[in-house]
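Have a look at the structure below, then the notes.
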Amino acid sequence: MKIETYFELGYSIRQIAEFLKRSPSTISRELRRHLNCSPEEAQARYHSNKSKCG
Numbered sequence: 001m002k003i004e005t006y007f008e009l010g011y012s013i014r015q016i017a018e019f020l021k022r023s024p025s026t027i028s029r030e031l032r033r034h035l036n037c038s039p040e041e042a043q044a045r046y047h048s049n050k051s052k053c054g
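Sequential numbering of the sequence shown, starting at 1, is according to the UniProt record's numbering.
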């Protein structure tokens, strides 16, 4: 399940962090970073950024 899905279902950042075995700060940062973008947009941005790497 995706972070956004857990968040929309009402789980707290701490609960999501426990489920995904990540720190709460990581979950918070990811939510803040991608709050207004879809997973498809994020994937496209990832591939674009990756292609710029050496």
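The C-beta atom is built at its ideal place from N, Cα and C for all residues, glycine as well.
- In this structure, the alpha-carbon of S48 lies about 16 Å from that of H34.
- Taking C53 as the centre and dropping the five residues before and after it, the same chain places no C-beta closer than 7 Å to its C-beta.
- For H47, the enclosing alpha helix (DSSP H) covers residues P39 to K52.
- Sixteen is the threshold: since fewer than 16 other Cβ atoms of the shown chains lie within 10 Å of the Cβ of E41, the residue is exposed.
- In the displayed model, L31 falls within a helix according to three-state DSSP.
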